[in-house]
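Novice: Below is a structure I'd like to ask you about.
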Amino acid sequence: MSKPLHDPLIEVKDLRVEFDVRAGIVKAVDGLTLTIHRGKTLGVIGESGCGKSMTARAILNMIPKPGKITNGEIIYHRRMKNSLESQVDDIIDLTKVDPDGKVIRQIRGGEIGMIFQEPMSSLTPVYTAGVHINEAVSLHHLVPLQKVGDQIGEQVQAHRKVTKEESRVIAIDMLRRVGIPKPEERVDNYPHQLSGGQRQRVMIAVALSCEPAMLIADEPTTALDVSIEAQILDIMRDLQQSANMAIMFITHNLGVIASMAEEIVVMYMGKAVEQGKVLEIFQNPKHPYTQALLRSIPKLGKKKTGERLASITGMVPDPFNLPTGCVFHPRCPMFMAGKCDKIAPQWKKVGEDHSVSCLLYE
Ligand SMILES: Nc1ncnc2c1ncn2[C@@H]1O[C@H](COP(=O)(O)OP(=O)(O)OP(=O)(O)O)[C@@H](O)[C@H]1O
Ligand SMILES: [Mg+2]
Numbered sequence: 050m051s052k053p054l055h056d057p058l059i060e061v062k063d064l065r066v067e068f069d070v071r072a073g074i075v076k077a078v079d080g081l082t083l084t085i086h087r088g089k090t091l092g093v094i095g096e097s098g099c100g101k102s103m104t105a106r107a108i109l110n111m112i113p114k115p116g117k118i119t120n121g122e123i124i125y126h127r128r129m130k131n132s133l134e135s136q137v138d139d140i141i142d143l144t145k146v147d148p149d150g151k152v153i154r155q156i157r158g159g160e161i162g163m164i165f166q167e168p169m170s171s172l173t174p175v176y177t178a179g180v181h182i183n184e185a186v187s188l189h190h191l192v193p194l195q196k197v198g199d200q201i202g203e204q205v206q207a208h209r210k211v212t213k214e215e216s217r218v219i220a221i222d223m224l225r226r227v228g229i230p231k232p233e234e235r236v237d238n239y240p241h242q243l244s245g246g247q248r249q250r251v252m253i254a255v256a257l258s259c260e261p262a263m264l265i266a267d268e269p270t271t272a273l274d275v276s277i278e279a280q281i282l283d284i285m286r287d288l289q290q291s292a293n294m295a296i297m298f299i300t301h302n303l304g305v306i307a308s309m310a311e312e313i314v315v316m317y318m319g320k321a322v323e324q325g326k327v328l329e330i331f332q333n334p335k336h337p338y339t340q341a342l343l344r345s346i347p348k349l350g351k352k353k354t355g356e357r358l359a360s361i362t363g364m365v366p367d368p369f370n371l372p373t374g375c376v377f378h379p380r381c382p383m384f385m386a387g388k389c390d391k392i393a394p395q396w397k398k399v400g401e402d403h404s405v406s407c408l409l410y411e
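Each residue of the sequence shown is one higher than the one before, starting from 50 at the first, in my numbering.
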């Protein structure tokens, strides 16, 4: 039987994530709709603070306080492993499940793997009321006083029917696959005995060890050097092929997106502004924001450690005082007075697999 062309795994529909802070309400994600297909990679790009990580966290129902999902659905088409006779997916709205319950704990790590952005590398511009977002969100990290092999092993044992011995073999194999030298020895190391880059690779090994249906990779390789990055991307592609894994890939690196993703979503101020096939958008970006972003994003082979998106002209607006009409209008080189500051743009199809939300095309 051939695979269906569109086999949705996650459908995010009109998602809103808000932070109710002393100064007002921050709309971190503001009416986002997107679909992640089984076995495919969706790239997510956009300036720092546009809501990429909060979207990823919403999928796992892990929004840090005081943040909340205030609207929308996240439909997960769950297909249980090892159930050959079952053809029908279980449909779960991830926004409705108990964030501390059994279901979401099975899904997190077991069915949806996650590699979070390194806490130090985030540049989120708004730290209101002294809350640093990454203090609240560093939920998936290595435990200091536990051997890395045991950390991978426990993850595997929690989600797959394997013995302790088998889980150790899997852990060694995963460490080898992420490029850790002498994995049979490293498996008994504690996190502090590894370098930062090796720890990040162990995190990646943990995320991939259960062969999840989907991997959320939030700038997974930003801290790694180019050759290790290439190796990690290869592993992700391998698993995608062999296990039909979907990937939500968040990065500022255009080269990585081009080599990994079939489709991309461009985000600005919590909204998608353009989406479609990667090549189509790279060759023919329609939204002035996408055009600016593509000019400013680091190109393949120009990676530096900790590299950040070059800035686009103008400031990101005050979250408590959002522009009317199109939120990008104060920075837009194509601004049309009386229109862009008055009317909120709708989605417009501009190609076979290409849509944009911009008044220039309405
Ligand atoms: N604790 C918080 N309090 C208030 N606002 C917050 C908090 N955490 C996040 N936000 C808001 O959510 C927005 C989106 O944050 P998010 O981490 O998703 O951005 P991002 O696109 O992942 O950025 P980066 O590229 O820097 O990782 C931020 O711009 C900020 O306005
Ligand atoms: Mg982020």
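Glycine is no exception: its CB is placed at the ideal position from the N, C-alpha and C atoms.
#1: Grouping DSSP H, G and I as helix and E and B as strand, with all else coil, what is PHE39?
#2: Secondary structure at THR144, three-state DSSP: helix, strand or coil?
#3: Once DSSP output is grouped into helix, strand and coil, what is the label at ARG217?
#4: Checking the sheet assignment: what are the DSSP bridge partners for PRO57?
#5: Please state the DSSP three-state secondary structure of LEU91.
#6: Taking C-alpha atoms, which residue in LEU109, ILE221, GLU233, PRO232 lies nearest to LYS151?
#7: Are the Cβ atoms of SER81 and ASP63 separated by less than 9 angstroms?
#8: Give the DSSP-derived three-state secondary structure of GLN324 in the structure shown.
#9: Classify GLY158 as helix, strand or coil using the three-state DSSP reduction.
#10: When the Cα atoms are used, what is the spatial distance from ARG209 to GLN289?
#11: Any idea which residues DSSP pairs MET316 with across the strands?
#12: Could you tell me which residues DSSP pairs with MET297 in its beta bridges?
#13: Measuring CB atoms only, is the stretch 328-348 touching the stretch 285-303, in the sense that at least three cross pairs come out at less than 8 angstroms?
#14: Which first and last residues belong to the beta strand (DSSP E) in which GLU122 is found?
#15: Spell out the partners DSSP gives GLY400 in its beta bridges.
#16: Compare the beta carbon distance of ASP222 and PRO230 with 9 angstroms and say whether it is the shorter of the two.
#17: Report yes or no: do three or more beta-carbon pairs, one from the stretch 403-410 and one from the stretch 375-393, lie closer than 8 angstroms?
#18: Where do the N-terminal and C-terminal ends of the alpha helix (DSSP H) with ILE284 fall, by residue?
#19: For GLU214 and GLN206, I'd like the C-alpha separation in whole angstroms.
#20: What is the rounded straight-line gap between the Cα of GLY350 and the Cα of VAL275?
#21: Alpha carbon to alpha carbon, how far is LEU224 from ILE156? Give it in angstroms, no decimals.
#22: Would SER258 and GLN204 be called neighbours here (beta carbons separated by less than 9 angstroms)?
#23: Of the choices ASP139, PRO334, THR119, whose alpha-carbon is the least far from that of ARG3?
#24: Express the C-alpha separation of VAL365 and MET309 in angstroms, rounding to a whole number.
Specialist: The answer reads as follows:
#1: This structure cannot speak to residue 39, because the chain is shown only from 50 to 411.
#2: coil
#3: If DSSP states are grouped into helix, strand and coil, ARG217 belongs with the helices.
#4: HIS86
#5: Reduced to three states, the DSSP call for LEU91 is strand.
#6: LEU109
#7: The question names Ser, yet the displayed sequence has Leu at residue 81. Cβ distance < 9 angstroms, so LEU81 and ASP63 count as in contact.
#8: GLN324: strand per DSSP, three-state reduction.
#9: GLY158: helix per DSSP, three-state reduction.
#10: 19 angstroms
#11: ALA321
#12: LEU91, ILE265
#13: yes
#14: 116-127
#15: HIS403
#16: no
#17: Remark: three or more beta-carbon pairs, one from each stretch, lie closer than 8 angstroms, so the stretch 403-410 and the stretch 375-393 are flagged as touching.
#18: In the DSSP assignment, ILE284 falls within the unbroken alpha helix (DSSP H) covering 275-292.
#19: 10 angstroms
#20: Note that GLY350 scores 49 on pLDDT, short of 50, meaning its location in the model is unreliable; the coordinates nonetheless yield the value given after this. Taking the straight line from one Cα to the other gives about 8 angstroms.
#21: Roughly 23 angstroms between the two C-alpha positions.
#22: yes
#23: The structure shown does not extend to residue 3, since the chain spans only 50 to 411, so no value can be given for it.
#24: MET309 and VAL365: Cα-Cα distance of roughly 28 angstroms.
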